[in-house]
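The sequence shown maps to residues 1 to 80 in our numbering. Okay, structure first, notes after.
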Amino acid sequence: MLENYSTLQFIVRGKIFKGFCMRIQDDFHETYAVVLDGYHSFCIWLDNKNEKWCSSKNVAIDPDAIDEIINRISLPAQLS
Numbered sequence: 001m002l003e004n005y006s007t008l009q010f011i012v013r014g015k016i017f018k019g020f021c022m023r024i025q026d027d028f029h030e031t032y033a034v035v036l037d038g039y040h041s042f043c044i045w046l047d048n049k050n051e052k053w054c055s056s057k058n059v060a061i062d063p064d065a066i067d068e069i070i071n072r073i074s075l076p077a078q079l080s
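Put into structure tokens, the structure is as follows:
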């Protein structure tokens, strides 16, 4: 699990993504708000029932970028 706030900077398919994500209060899921320069903010959450990461319906960025964000969010939990 990611700390409450983390900056993001990564490259996917030659495009640089910069921004941050922060954990937000959600009684049902592990949920993060993601803000990237040049994009609308969106949420990513872990659906515990299906053990699957989900993202907001209308996310308008490359799916590989979403996967990179999810990897960064979930990495510390995998190391525990």
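By construction, the Cβ of each residue, glycine as well, lies at the ideal position given by its N, Cα and C atoms.
Residues F10, V12 and F17 of the same chain have their beta carbon placed closer than 8 Å to that of E68, with the five preceding and five following residues left out of the count. Cβ contact annotation for R23 (same chain, cutoff 6 Å, sequence separation greater than five): N4 and Y32, in chain order. Excluding residues up to 5 positions away in sequence, F42 lie with their Cβ nearer than 6 Å to the Cβ of V59 in the same chain. Non-local beta-carbon contacts of D62 in its own chain, meaning distances under 8 Å to residues more than five positions away in sequence, involve V12, R13 and K15 in chain order.
As computed with DSSP, Q9 is found in a beta bridge with K18. The alpha-carbon of H40 is positioned some 22 Å away from that of D47. Nearest in C-alpha terms to D37, of all of I70, A65 and I73, is A65. Just measuring C-alpha positions, the residue of H29, I44, F28 and D27 sitting nearest V35 is I44.
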